[in-house]
Structure formats: structure tokens, C-alpha cells
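Student:
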Amino acid sequence: MSTIKASSALISVFHKDGLEPLVKKMDELGITLYSTGGTEKFIRDLGIHVIPVEEVTSYPSILGGRVKTLHPKVFGGILNRQDHDSDVAQMEEFQIPQLDIVIVDLYPFEKTVASGASEQDIIEKIDIGGISLIRAAAKNYKDVLCVSSMEDYSDFLSVISTGNGSTNLTDRKRYAAKAFNVSSHYDTAIFNYFNQNHDQAVLKISELKGQVLRYGENPHQKGFFFGDFEAMFTKLHGKELSYNNLLDVDAAVNLMLEFKKDDPTFAILKHNNACGLATRSTVHKAYVDALAGDPVSAFGGILISNVEIDVPTAKEIHQLFCEVVIAPSYSNEALALLKGKKNRIILIQNEVALPDTLVRTCLNGVLVQDKDFKTDDLAELQYATNSKPTNEQLQDLIFASKLCKHTKSNTIVLAKNRQLCASGTGQTSRVDALNQAIHKANHFKFDLKGAVMASDAFFPFPDCVEIAHKAGISSVIQPGGSIKDQLSIDYCNANDVAMVMTGTRHFKH
-5 MSTIKASSAL
5 ISVFHKDGLE
15 PLVKKMDELG
25 ITLYSTGGTE
35 KFIRDLGIHV
45 IPVEEVTSYP
55 SILGGRVKTL
65 HPKVFGGILN
75 RQDHDSDVAQ
85 MEEFQIPQLD
95 IVIVDLYPFE
105 KTVASGASEQ
115 DIIEKIDIGG
125 ISLIRAAAKN
135 YKDVLCVSSM
145 EDYSDFLSVI
155 STGNGSTNLT
165 DRKRYAAKAF
175 NVSSHYDTAI
185 FNYFNQNHDQ
195 AVLKISELKG
205 QVLRYGENPH
215 QKGFFFGDFE
225 AMFTKLHGKE
235 LSYNNLLDVD
245 AAVNLMLEFK
255 KDDPTFAILK
265 HNNACGLATR
275 STVHKAYVDA
285 LAGDPVSAFG
295 GILISNVEID
305 VPTAKEIHQL
315 FCEVVIAPSY
325 SNEALALLKG
335 KKNRIILIQN
345 EVALPDTLVR
355 TCLNGVLVQD
365 KDFKTDDLAE
375 LQYATNSKPT
385 NEQLQDLIFA
395 SKLCKHTKSN
405 TIVLAKNRQL
415 CASGTGQTSR
425 VDALNQAIHK
435 ANHFKFDLKG
445 AVMASDAFFP
455 FPDCVEIAHK
465 AGISSVIQPG
475 GSIKDQLSID
485 YCNANDVAMV
495 MTGTRHFKH
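If you use the working numbering, the sequence shown corresponds to residues -5 to 503, in order.
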């Protein structure tokens, strides 16, 4: 049947927000309402007549509410096919009421898990009756309209108001698609909870929110983002973020997590790599010194701070063309100044848990790995050489190591006084990465005497420490682990260069 005049509706929801207008409208349209438990009480308290499901099934809610709607007289009313004479006959024989509309809002399983609740509380938030109602109603969309989430209440109110209580096949099928989206996402969340230890090598990803981007990495490619961007950021100003913007923002956020509890730190990124980074006593000084790392590459870059951006900093930023500015907050005057460029994207970063796994397509499948949460720490350093780094050099070594971890391999990072001097990024040879970094540092007039060097992987030969030493580098941090580590150690000992090893490689491809 294409258009159906609804005569009855079953309502069983967890969240009652926004439900009142629906209930009142359906009552106004003469639609008979059936319900259970808290939803039934909610409707009754509105002064609207509602029939308890128990009157239909002649069976009470049992097992502490675990079993309420799981009954043939409920599911028969949903699953019967109105164009099948045998179904209609059985409905009459067993006195099963027809249900034209099913409205369900599931137990908040994901929110319960995120709240840190006990396992028992989490298990009790696995909806059984609700998910069954959704699947049944969506399957029989030719005769039934299924509202599967409170987010659709407003749209549904418009549908029944416009149709004066009637629904058409197009809307019912549209709502069925929404319903199966809700049910599949719900089951994915439950499976992932039970498979937290990855006992089963199975990948299930589900994101309910998504947006179409202007294009992908290039204009001839389509692009999409799936995730809750609004939960992670408050967008204050600017154009829509592009695919490449989002990749750079992701790189910026992950890098700044390394400096979250440090003194004011500012980073400038381009093509997922930092071209400027500095930690200082004020955010203004941090920005100025980060920009000095590579004022050319900073053009069109992504800027991020670990502290509030003030007016002096905003004045400096305003002189630069940049795509995105990210900070935990902005002073009112600073924000007004930054809004002076209409396309500049200004974001406040909110406290949101990030995924602990990384996913990427590979060949005809997908690669998944744990995120690199390992941050090199002073307490774990192995002092490999006779000469030991000073306290100031140790600070620089950890600073450089944090950045190295978030730079494309092969990479070498040169730093001094908690400022990025230069980095060699994405090179096929570690020697090439080092030479690139030295050339860049010299080009921007950095004095590398007393600077430190960080490498994302070990040195198989002593050539890198030799080149670095001749450029003025006095201290080195690297993972170690090469069968020829001793060659680099010997060179450092012979030339009074301090070297520490972390024992942890940080490749980034």
C-alpha cells in the first residue's frame, strides 16, 4: 500500500525529550497509542489516553523489565502483511491489533560505556526489546513506519502533520533505512565493547555522523568525513574545512597532545608536518619563535596552541595567511581580531577522547594498528656515550623527540632551546633527511652550535652523527638497536658528542 492512514502507534522510548509534541499530535489525529513502563506513564501524565501493552498481551512486564514487548501480539501487529489474506485472517483469529507506527529510542549503550559505568550497568543498557521492534518495523516498511531515534522526532512530526496522519511508501522506506542504520550501529558498538581485547581479528566501524566535503585530496576526487566534528571542536569562524584541512588538523592535534601539560607551546603545520614549533614563557613568544622556524612554509598553514591565544599573539597571526587556528580558548579581543579574515577557520578544541587505533586502506583490505602512545621520557633514556647531555640539552632532546614522533619518516629533527630549527621529512635516506634539515636551518640563519638532533629510527652507520657533529650538533637522541650501534657510539666518544638511546622506534608513514 503506497499511502496508509495510521490508526495506531506503539511508543517505547528511553529519552522522553521532544516526545510530547508527537504524542499530542497523534492523539489529535485520532491515532490509538500503545506503550509500556516509563513511556506509558509519561503519556498518561499528559492527560492522553494510552493502552498498556500488558492489556494486549495479557502478560505483565517481567524479569525487572527485561521482557515487556517480546510477544506475538506485539510483533504480529508489526510484521503482518496487509496485502496477504492469510496474515489478515490470522490477525483476526488471534485478536492482534494492527500497529502502523513504531517509535523507539534505544537504551544509551555507548554513553553508558563512555561514562565508566560498571560492567553490570553496561550489560543492562543492551536494549533487546527496542532493537527487535526497530528491526521488525523497518523490515515491514510497506505497512509500518518506524521512528528509531529521538533525533527524528521533529521530522516525523512534520510527516504526520503534512499527511494528516497518513504516511507514504517513500517516507516509510526512508525511515526504514534510518532504522537499520541505527540498529547496525548499535550492534557494532556492543560487539566492539565485548571485543576490546581484540580476541577476534574482526574490524567493525560505524559512524552515524558524516558530511560531504567539497572534494577529496584533489578537486577531481570525492571526499567525505565521518565522525562527530562538532563534539571535538567549536567552530567560531571561517569557511568549511576541506579534506586536506582535516588531515592537517588531525596532525596538529596529535602533535600538541605531546605538549598539553608543557609551558606555552605553539606549532605551525603544513602537509601534516610541523614547519614551526616552540615552547616559551608566553604564547606570544612561542608563536614568534615557531614562525621563525620556517616563515615560508607557514603560509597557508595550520596553527595550534596549547594555551589561550591573547591579543599580542593574535596581532602577529593576523599578519599571516593561514587556513586554520586552533586553541583551547581565545580572549574576546583576540577573537575579534582573528575574525578579520572571513575565510580563516577558527576552532576551539574541546576535551574529547580520541580513537586508540589507526585505520587505513591497504591493497584490497584494511590495516589496523594501535596508536603510538609511547612518548620518550627522561627516566627511560639510556646514556650510550662518555659525554652526558646537560639538563638544558635533555630538555631539547625530549622536545625534539616528541616532534620527531609526529613527522613523516625518514626524519631528522634539529632543535635548540626548545625551538624547532629544522627537520628533514619523508626522505628515503636518513642521511638525506639530515642534510635537508641542516640546509634548511642554515637557510633560515639558525646557529646549530649546541643544537640537538633526534632521529625516528636507529643509525645503521656513523655517517649521520658525523655530519651532525660537523654542523655543530652536540647531543643526539635515537632509538638504538642497530647491530652497528657501536660505530656511532665510537664516533661520538671520539668527538665529545653526547648520545642517548630510547629503545623505541617512531616510524610514521
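Built from N, CA and C at the ideal position, the CB exists for glycine as well.
For Ala130 and Leu73, which I take to be in contact (beta-carbon distance under 8 Å), what is that distance rounded to the nearest angstrom?
Tutor: Sure, about 5 Å apart at Cβ, within 8 Å.
Student: Would you call the region 410 to 422 in contact with the region 271 to 290, where contact means no fewer than 3 C-beta pairs closer than 8 Å?
Tutor: Enough Cβ pairs lie closer than 8 Å, so yes.
Student: If you draw a straight line from the alpha carbon of Tyr169 to that of Ile116, how long is it in whole angstroms?
Tutor: Tyr169 and Ile116: Cα-Cα distance of roughly 28 Å.
Student: Going by DSSP, name the residue or residues bridged to Met85.
Tutor: Met85 pairs with nothing; no bridge assigned.
Student: Ordered along the chain, which non-local residues of its own chain (more than five positions away) have a Cβ less than 8 Å from that of Ile513?
Tutor: In this structure the chain extends from -5 to 503, so residue 513 is not present and cannot be described.
Student: What are the start and end residues of the alpha helix (DSSP H) that includes Ala131?
Tutor: Element bounds for Ala131: 123 to 133.
Student: Which residue wins for smallest C-alpha separation from Phe253, given the options Ser299, Gln114, Leu391, Asp364?
Tutor: Nearest option by C-alpha distance: Ser299.
Student: Using a Cβ-Cβ cut-off of 8 Å (strictly less than) and excluding sequence neighbours within five positions of Ile45, which residues of its own chain qualify?
Tutor: Closer than 8 Å at Cβ, skipping near neighbours: Thr26, Leu27, Tyr28, Ser29.
Student: What do you reckon, is the C-beta of Gly31 under 7 Å from a heavy atom of the ligand PLP?
Tutor: Questions concerning the ligand PLP fall outside what the structure shown contains, since it holds no ligand whatsoever.
Student: I'd like the span of the beta strand (DSSP E) that includes Ile95, first residue to last.
Tutor: Residues 95 to 99.
Student: Determine contact between the region 478 to 494 and the region 450 to 469, defined as no fewer than three beta-carbon pairs at a distance below 8 Å.
Tutor: In short, these stretches touch, since the Cβ pair count reaches three.
Student: Write down the C-beta distance between Ile342 and Thr498 rounded to the nearest angstrom, noting that I regard them as a contact closer than 8 Å.
Tutor: Not really, about 33 Å apart at Cβ, beyond 8 Å.
Student: Tell whether a beta-carbon distance below 8 Å holds between Thr355 and Gln363.
Tutor: No.
Student: Going by DSSP, what residue range makes up the alpha helix (DSSP H) through Met20?
Tutor: Note, Met20: alpha helix (DSSP H), 13 to 22.
Student: Which term fits Thr405, buried or exposed, when burial requires 16 or more other beta carbons within 10 angstroms of its beta carbon?
Tutor: That one is buried.
Student: Return the chain-ordered list of same chain residues with a C-beta closer than 6 Å to the C-beta of Leu93, the five sequence neighbours on each side being excluded.
Tutor: Ser2, Leu4, Gly71, Ile72, listed in sequence order.
Student: Tell me the rounded alpha-carbon separation between Glu201 and Glu86.
Tutor: About 42 Å.
Student: Can you check whether the CB of Lys365 is closer than 8 Å to the CB of Ala492?
Tutor: No, they are not a contact pair.
Student: Would you mind giving the Cβ-Cβ distance between Ile122 and Arg60, rounded to the nearest angstrom? I have them listed as a contact below 8 Å.
Tutor: Going by Cβ atoms, the distance from Ile122 to Arg60 rounds to 7 Å, so yes, they are a contact pair.
Student: CA-CA distance, Ser6 and Leu357?
Tutor: Spanning the two alpha carbons is a distance of roughly 45 Å.
Student: Could you spell out the range, first to last residue, of the beta strand (DSSP E) harbouring Leu4?
Tutor: Counting along the chain, the beta strand (DSSP E) containing Leu4 begins and ends at 2 to 7.
Student: Does the contact criterion of 3 or more C-beta pairs under 8 Å hold for the region 315 to 322 versus the region 141 to 153?
Tutor: In short, these stretches do not touch, since the Cβ pair count stays below three.
Student: Note down, in chain order, each residue of its chain lying with its Cβ closer than 7 Å to the Cβ of Ala261, except the 5 sequence neighbours on either side.
Tutor: Cβ neighbours of Ala261 beyond the five flanking positions: Ala246, Leu249, Met250, Ala268, Gly270, Leu271, Ala284, Ile298.
Student: Return the residue from the list His400, Tyr237, Ser142, Glu211 that minimises the CA-CA distance to Phe220.
Tutor: That would be Tyr237, whose Cα lies nearest to the Cα of Phe220.
Student: Touch check for the region 189 to 199 and the region 155 to 174: three-plus C-beta pairs under 8 Å?
Tutor: With a cut-off of 8 Å, the region 155 to 174 and the region 189 to 199 do not count as touching, because too few Cβ pairs lie within range.
Student: Ser423: buried (16+ other C-beta within 10 angstroms of its C-beta) or exposed?
Tutor: Classification of Ser423: exposed, given that the 10 Å Cβ count is below 16.
Student: Please determine if the region 35 to 52 and the region 174 to 182 are in contact, where contact requires at least 3 C-beta pairs separated by less than 8 Å.
Tutor: Flag = no, the region 35 to 52 and the region 174 to 182 do not touch.
Student: Nearest by alpha-carbon distance to Lys255: which of Phe393, Val290, Asn239, Ala286 is it?
Tutor: Selected option, being the one with the closest Cα: Phe393.
Student: Take Gln480 as the anchor and find which of Ala378, Asn239, Gln389 has the nearest alpha-carbon.
Tutor: When only C-alpha atoms are compared, the closest one is Ala378.
Student: Relative to the C-alpha of Ile97, which candidate in Phe88, Leu314, Thr33 has its C-alpha closest?
Tutor: Nearest option by C-alpha distance: Thr33.
Student: Taking Cβ positions, are Ala347 and Ala328 nearer each other than 8 Å?
Tutor: Going by C-beta atoms, Ala347 is not nearer than 8 Å to Ala328.
Student: Can you give the Cα-Cα distance for Leu23 and Glu113, rounded to whole angstroms?
Tutor: Each residue's Cα considered, the two are about 43 Å apart.
Student: Taking Val301 as the reference, which of Ala280, Ser291, Ala292, Leu314 has the closest Cα?
Tutor: Among Ala280, Ser291, Ala292, Leu314, the Cα nearest to that of Val301 belongs to Ala280.
Student: Buried or exposed, going by whether 16 or more other CB atoms sit within 10 Å of the CB of Gln472?
Tutor: Looking at its Cβ environment, which holds 16 or more other Cβ atoms inside 10 Å, Gln472 is buried.
Student: Which class does Leu341 belong to by DSSP, given the choice of helix, strand or coil?
Tutor: Looking at Leu341 - three-state DSSP - the assignment turns out to be strand.
Student: If the criterion is Cβ atoms closer than 8 Å, does the pair Val459 and Phe453 meet it?
Tutor: Cβ atoms of Val459 and Phe453: closer than 8 Å.
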